[in-house]
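J.:
Shown next as structure tokens:
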């Protein structure tokens with residue numbers, strides 16, 4: 106037994122008054138009970154469609170000034186007052202009429218996992234500063250790779266969001282297909298290019314620019330009427346790039362696209378990549394979870410053949426932001442993407458230890474991202490993913506059917522995922538004004554606050570866009586949305602006519 110240090114019998118647990126206050130376990134217990142009780146009441150309210158705004162809209166400058174004044178005020182504010190203020194001013198993702206962006210309404214158990222992780226604050230750089238978190242991350246990644254049908258040699262990392270995930274996958278593509286040690290020597294030789302869907306997420310183009318490939322490093326691939334990559338054109342575009350003296354290193358597919366939820370034909374693209382020696386990366390941040398639904402897993406057939414892929418747990422897997430899985434079909438790639446000396450943290454060894462995660466990611470310090478996934482899997486079960494994906498994908502198709510039956514609405518494209526793009530096209534509005542008219546409709550909806558939706562641009566035209574993330578949204582909510590759209594549309598037209606009469 107090691108010798109007892111002097112003073113161990115009387116540790117200093119008092120500290121200075123402010124430190125004692127900040128670390129008081131009984132204060133923490135009381136505040137924790139208050140917070141969980143309030144959030145449980147809040148959750149019950151929003152799921153029952155309580156009569157308060159989904160999006161409590163305030164002008165940014167006004168809200169910023171309010172918080173600046175609060176911070177400048179020397180008087181303290183209670184924990185309860187502060188949390189209540191935050192609740193009143195935040196968008197409510199758990200409200201069934203919140204249908205805006207691709208952000209999950211997290212399962213409550215995952216929020217408790219975040220609290221647990223935040224207090225422990227174990228870094229995920231090297232094993233000795235985050236032992237449990239490190240092995241949980243590896244376990245979660247192994248489970249996911251297996252469920253996606255990937256080969257036993259697959260491996261990966263968790264990172265903070267799909268943008269970092271896509272960058273990591275493309276760094277691997279450069280390392281494995283670039284033809285030189287770019288990490289040490291920089292880009293040299295032929296200019297590198299990557300083939301990317303015209304509907305890809307902006308993070309892909311941003312990653313290429315971060316990598317120094319510039320705008321010219323991106324080959325935009327045409328899409329069909331369903332906004333999917335056209336595989337019959339790939340060979341021609343590849344040959345054209347090579348004829349210009351370019352080195353094409355990779356092709357990126359969507360599963361699914363952010364704008365409309367379109368799934369690219371993964372088997373055909375994967376076969377093309379293999380035939381031509383290209384790295385095959387799939388951005389499955391949103392739609393990769395379709396693999397868990399027996400009804401919709403056909404949409405991601407071929408995903409398991411990707412050289413690299415990303416899936417966000419904070420999109421279609423009910424976890425709070427951020428947690429993105431980056432998986433590689435050949436797990437040994439992880440040892441080659443980054444190669445950097447940091448002797449204080451990563452001592453040089455001939456055998457690279459799997460447990461020191463910082464070797465394999467852009468990040469050094471990061472959260473225990475795998476914990477919330479593990480909590481959900483072990484307390485609820487993975488069947489929740491199947492139920493969730495199937496439910497919201499079904500709802501998107503049901504809503505599309507309703508839209509097609511209404512003469513004053515137009516569906517942009519039949520939904521493949523849980524994203525529905527459409528617009529209101531009443532006879533009273535000239536066709537050339539439909540885009541701006543729908544943009545004004547959305548602004549009215551957001552300001553009113555009973556629904557939250559966004560907009561997107563398809564083929565140069567503005568459309569309203571719903572992402573059905575809440576499993577408790579139902580068709581009645583969406584039919585009520587159409588009523589609200591018609592109501593605000595009538596107001597807009599009346600105001601325009603009134604203005605013309607005054608002129």
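Numbering (our numbering), first residue to last: 106 to 608. We treat Cβ as the ideally placed atom computed from N, Cα and C, and that holds for glycine. Here the structure is a predicted model, which means the values were calculated and not measured.
Quick one: residues in its chain with C-beta nearer than 6 angstroms to the C-beta of residue 309, no 5 flanking neighbours on either side, listed in chain order?
T.: 271, 301, 357
J.: Check whether the Cβ atoms of residue 486 and residue 546 lie closer than 7 angstroms to each other.
T.: no
J.: Three-state secondary structure (DSSP) at residue 349?
T.: coil
J.: What is the rounded straight-line gap between the Cα of residue 140 and the Cα of residue 188?
T.: 8 angstroms
J.: Where does residue 308 fall in DSSP's three states?
T.: In the displayed model, residue 308 falls within a helix according to three-state DSSP.
J.: Alpha carbons only, please: which of 391, 408, 588, 123 is nearest the one belonging to residue 419?
T.: 391
J.: Nearest by alpha-carbon distance to residue 143: which of 182, 191, 168 is it?
T.: From the listed residues 182, 191, 168, the smallest Cα separation to residue 143 is found for 191.
J.: CA-CA distance, residue 321 and residue 298?
T.: 7 angstroms
J.: So what does DSSP say about residue 325, is it helix, strand or coil?
T.: strand
J.: Measuring alpha carbon to alpha carbon, tell me which residue in 339, 201, 429 is nearest residue 325.
T.: 339
J.: Between residue 583 and residue 507, which are expected to be in contact by the criterion C-beta below 8 angstroms, what is the C-beta distance as a whole number of angstroms?
T.: 7 angstroms
J.: Identify, in the order they occur along the chain, each residue of the same chain with its Cβ nearer than 7 angstroms to the Cβ of residue 99, setting aside the five sequence neighbours on each side.
T.: With the chain running from 106 to 608 in the structure shown, residue 99 is simply not present.
J.: Would DSSP call residue 384 helix, strand or coil?
T.: strand
J.: Tell me which residue opens and which closes the alpha helix (DSSP H) that residue 144 is part of.
T.: 130 to 152
J.: Could you check if residue 414 is buried or exposed, using at least 16 other CB atoms within 10 Å of its CB as the buried criterion?
T.: With a 10 Å radius around the Cβ and a threshold of 16 neighbouring Cβ atoms, residue 414 comes out buried.
J.: Output the boundary residues of the beta strand (DSSP E) element that contains residue 529.
T.: 524 to 529
J.: Taking just the CA atoms, how far does residue 377 sit from residue 386?
T.: 12 angstroms
J.: Can you say whether residue 315 is buried or exposed, counting buried as having 16 or more other CB atoms within 10 angstroms of its CB?
T.: exposed
J.: When the Cα of residue 405 is compared with those of 470, 466, 360, 135, which residue comes out closest?
T.: For the options 470, 466, 360, 135, the alpha carbon positioned closest to that of residue 405 is the one of 360.
J.: Taking the alpha helix (DSSP H) that residue 247 belongs to, which residues open and close that run?
T.: Where residue 247 is concerned, the enclosing alpha helix (DSSP H) stretches over 236 to 252.
J.: Assess contact between the segment 240 to 257 and the segment 396 to 412, defined as three or more Cβ pairs (one per stretch) separated by less than 8 angstroms. Is contact present?
T.: yes
J.: In the DSSP assignment, what residue or residues form a beta bridge with residue 468?
T.: Paired residue(s): none; residue 468 is not in a bridge.
J.: State the Cα-Cα distance for the pair residue 86 and residue 421, rounded to the nearest angstrom.
T.: In the structure as shown, the chain begins at 106 and stops at 608. Residue 86 is therefore absent and cannot be evaluated.
J.: If you draw a straight line from the C-alpha of residue 269 to the C-alpha of residue 410, how long is it?
T.: 21 angstroms
J.: Can you give me the C-alpha to C-alpha distance between residue 129 and residue 224, rounded to a whole angstrom?
T.: 13 angstroms
J.: Would you mind giving the Cβ-Cβ distance between residue 333 and residue 312, rounded to the nearest angstrom? I have them listed as a contact below 8 angstroms.
T.: No, residue 333 and residue 312 are not in contact; Cβ-Cβ is about 22 angstroms, not under 8 angstroms.
J.: Beta carbon of residue 517, beta carbon of residue 557: below 7 angstroms?
T.: The criterion of a C-beta distance shorter than 7 angstroms is not satisfied by residue 517 and residue 557.
J.: Rounded to the nearest angstrom, what separates residue 264 and residue 531 at their Cα positions?
T.: 45 angstroms
J.: Note down, one range per segment and in chain order, each alpha helix (DSSP H) of at least 4 residues found wholly within the segment 535 to 580.
T.: 539 to 553
J.: Thinking just about the alpha-carbon of each residue, which of 262, 527, 174 is nearest to the one in residue 246?
T.: 262
J.: Could you tell me the alpha carbon to alpha carbon distance between residue 171 and residue 219, rounded to whole angstroms?
T.: 28 angstroms
J.: Confirm, please, whether the CB-CB distance from residue 215 to residue 613 is below 7 angstroms.
T.: It is not possible to answer for residue 613, since the shown part of the chain is limited to 106 through 608.
J.: Roughly how many angstroms lie between the CA atoms of residue 230 and residue 461, to the nearest whole one?
T.: Each residue's Cα considered, the two are about 6 angstroms apart.
J.: Helix, strand or coil for residue 493, going by three-state DSSP, please let me know.
T.: helix
J.: Terminal residues of the continuous beta strand (DSSP E) containing residue 609?
T.: The structure shown does not extend to residue 609, since the chain is modelled only from 106 to 608, so the question has no answer here.
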